[in-house]
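The numbering used here runs 9 ahead of the 1-based position in the sequence shown. Don't be surprised by glycine CBs; every beta carbon is placed ideally from N, CA and C.
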Amino acid sequence: MVNYPPMQALRALDSFAKTGSIYKTAEELNLTRSAVSYQLRQIEERLKFRLFDRENNMLVLTPQGLAYALDVRKALDTLSVAAIRNSSLSLRGTLNISCTPGFGGGWLSGCIAGFLDQQRDIQINVRTPKTLADVSDPETDLFISYGDGRWENMEVIMLMEVWVTPVCSPILLNKFSLAQPADLRKVHLLDVNDRQHDWEHWLTAAGEGSLLAYARVKFSDWHFAYSAALYAQGVALGDIFTCSAALEQGLLVQPFELTVKSQSSYYLVIPKANTESPAVVAFVNWLQNELTRNNQHLSAPSLLFQRGLAHPKS
């Protein structure tokens, strides 16, 4: 009888074959590097053949190891599809969703109860990704991501284009008399690690040069930048979609009329093994209908600009 390696060890091998790195495998599986090394050694010990060699002090798969890893990938895909196809067709269970902080906090959290009211037997777990474009978590059923739309081996559905513009507290606007883009040199720009290209794009369109010329605070998460803007600590670059409620309520204002389309967009990214899951299908349909109902699917922004105010022009 074949002494099969543990499932966790096979997942570690699959991840290593994709990343080529113990460190990245540990990060993807939320394990320590020593735990990953132990899992990989288990496979060699049980199967009695060499999976790895060392080249220039780096661990690499042997030809036999690579062939085995490809077979493991196919087997894991088969198991995932089988689990979905043979699960109860009733809409119940847990749906794990990864969602970018801006989309989640700025919009999804304000309407998610509508889905739960429709699907009372589904429990939802919403988590934030390591980066805005990260889709690596194997425990996640679907991802709401921000990027260029290029994710391999995934079903990718564009949700909406993103339009960005500076936003700030009315207090900050009045204190520093922000009348033209050049006035941004008076304040701190609130930047987000994964989205600094948006600031660069907007400043270029405004004819104001490099982001490096400005005083700025960098945050790892959009919600930190958003909160800092609310507290009048600087000017954030918000997208019309996630900031619309705060703009309409006057919590934030748009000091300049210039609004530009981001080079990134919001996408649904679904592992192919999950595309037939009844819970995933139900959530995707609800999400698209909700966005359409709120007119948030439009490709052009509805301008909220008016000096010192934050509501649509009449």
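C-alpha gap between Phe185 and Phe233, whole angstroms: Here the question's residue 185 lines up with position 176 in the sequence shown. Here the question's residue 233 lines up with position 224 in the sequence shown. When rounded, the distance between both Cα atoms is 22 Å.
Buried versus exposed call for Pro72 [16 or more other C-beta atoms within 10 Å across all chains shown]: Numbered from its first residue, the sequence shown carries residue 72 at position 63. Exposed.
Trp208 beta carbon less than 8 Å from that of Trp198: Indexing the sequence shown from 1 puts residue 198 at position 189. Indexing the sequence shown from 1 puts residue 208 at position 199. Inspection of the sequence shows that residue 198 is occupied by Leu rather than by Trp. Contact: yes.
Rounded C-alpha distance that separates Asp150 from Ile131: For this step, residue 150 is matched to residue 141 along the sequence shown. For this step, residue 131 is matched to residue 122 along the sequence shown. So the two alpha carbons sit approximately 13 Å from each other.
Leu221 versus Asn283 - alpha carbon distance: The residue you call residue 221 lines up with position 212 of the sequence shown. The residue you call residue 283 lines up with position 274 of the sequence shown. As the crow flies, the alpha-carbon of Leu221 is around 42 Å from that of Asn283.
Counterpart residues of Ile131 in DSSP-defined beta bridges: Here residue 131 corresponds to residue number 122 of the sequence shown, with the count starting at 1. The secondary-structure analysis by DSSP pairs Ile131 across a beta bridge with Gly102.
Where Tyr240 sits in the DSSP three-state scheme: Against the sequence shown, residue 240 aligns to sequence position 231. The answer is coil: DSSP assigns Tyr240 none of H, G, I, E or B.
Simplified DSSP state of Tyr77, which is helix, strand or coil: By one-based count along the sequence shown, residue 77 stands at place 68. Taken through DSSP and simplified to helix, strand or coil, Tyr77 comes out as helix.
Under 8 Å between C-beta atoms of Pro175 and Leu256: Looking up residue 175 in the sequence shown gives position 166. Looking up residue 256 in the sequence shown gives position 247. Taking 8 Å as the cut-off, the beta carbon of Pro175 is found no closer than this to the beta carbon of Leu256.
Beta-carbon contacts of Ile121 that lie in its chain and below 8 Å, excluding the five residues immediately before and after: Translated into positions along the sequence shown, residue 121 becomes position 112. Once the five neighbours on either side are set aside, the close Cβ partners of Ile121 are Ile133, Val135.
Same chain only: Cβ atoms within 7 Å of Ala21, ignoring 5 sequence neighbours per side: Looking up residue 21 in the sequence shown gives position 12. Result list for Ala21: Thr34, Leu38, Val45, Gln48, Leu49, in chain order.
Asp192 and Val226 closer than 8 Å at C-beta: Along the sequence shown, read from residue 1 onward, the residue named residue 192 stands at position 183. Along the sequence shown, read from residue 1 onward, the residue named residue 226 stands at position 217. No; because the gap between Cβ atoms is not below 8 Å, this pair is not in contact.
Contacts around Leu141, its chain only, beta-carbon distance under 6 Å, and the 5 residues preceding and following it disregarded: On the sequence shown, position 132 is the one that residue 141 refers to. Same-chain partners within the cutoff: Thr109, Tyr155, Asp203.
Secondary structure of Gly158, DSSP reduced to three states: Here the question's residue 158 lines up with position 149 in the sequence shown. Correct three-state label for Gly158: coil.
Exposed unless 16 or more other CB atoms sit within 10 angstroms - verdict on Asp126: By 1-based counting over the sequence shown, the position of residue 126 is 117. Asp126 should be labelled exposed.
Alpha helix (DSSP H) segments (min. 4 residues) lying fully within the region 152 to 233: Counting only runs of at least 4 residues, the region 152 to 233 fully encloses the following alpha helix (DSSP H) elements, listed from N- to C-terminal order: 179 to 185, 205 to 214.
Under the three-state DSSP convention, the category Asp146 falls into: For the purposes of this step, residue 146 is taken as the residue at position 137 of the sequence shown. In the structure shown, Asp146 sits in coil (DSSP, three-state: anything other than H, G, I, E or B).
Same chain, Cβ closer than 7 Å to Ser229, neighbours up to 5 away in sequence not counted: Taking the sequence shown and counting its residues from 1, the one referred to as residue 229 is at position 220. Same-chain partners within the cutoff: Asn202.
Bridge-paired residues (DSSP) for Cys120: What you label residue 120 is simply residue 111 of the sequence shown in a count that begins at 1. When DSSP reads this structure, Cys120 sits in no beta bridge, so it has no partner.
Straight-line Cα distance separating Ser273 from Leu181: Stepping through the sequence shown from its first residue, residue 181 is reached at position 172. Stepping through the sequence shown from its first residue, residue 273 is reached at position 264. Roughly 28 Å between the two C-alpha positions.
Beta-carbon contacts of Leu85 that lie in its chain and below 8 Å, excluding the five residues immediately before and after: Along the sequence shown, read from residue 1 onward, the residue named residue 85 stands at position 76. Cβ neighbours of Leu85 beyond the five flanking positions: Leu19, Arg20, Asp23.
Assigned secondary structure, Lys270 (DSSP; H/G/I helix, E/B strand, else coil): As a working note, residue 270 is residue 261 in the sequence shown. Residue state, collapsed to three classes: strand.
Pair within 8 Å by beta-carbon distance, Gly74 and Leu60: In the sequence shown, the residue the question calls residue 74 occupies position 65. In the sequence shown, the residue the question calls residue 60 occupies position 51. Yes, they are a contact pair.
Phe61 - containing alpha helix (DSSP H), residue span: In the sequence shown, residue 61 corresponds to position 52, counting from 1. Careful: Phe61 lies outside any alpha helix (DSSP H), inside the beta strand (DSSP E) at 61 to 64.
Own chain partners of Cys177 with C-beta closer than 8 Å, once the 5 adjacent residues on each side are dropped: On the sequence shown, position 168 is the one that residue 177 refers to. Close CB contacts of Cys177 within its chain, under the 8 Å cut and outside five residues either way in sequence, are with Leu187, Val196, Ala238, Ala241, Gly243, Val244, Ala245, Leu261, Val262, Pro264 (chain order).
Rounded C-alpha distance that separates Ser43 from Ile52: As a working note, residue 43 is residue 34 in the sequence shown. As a working note, residue 52 is residue 43 in the sequence shown. Roughly 15 Å separates the two Cα atoms.
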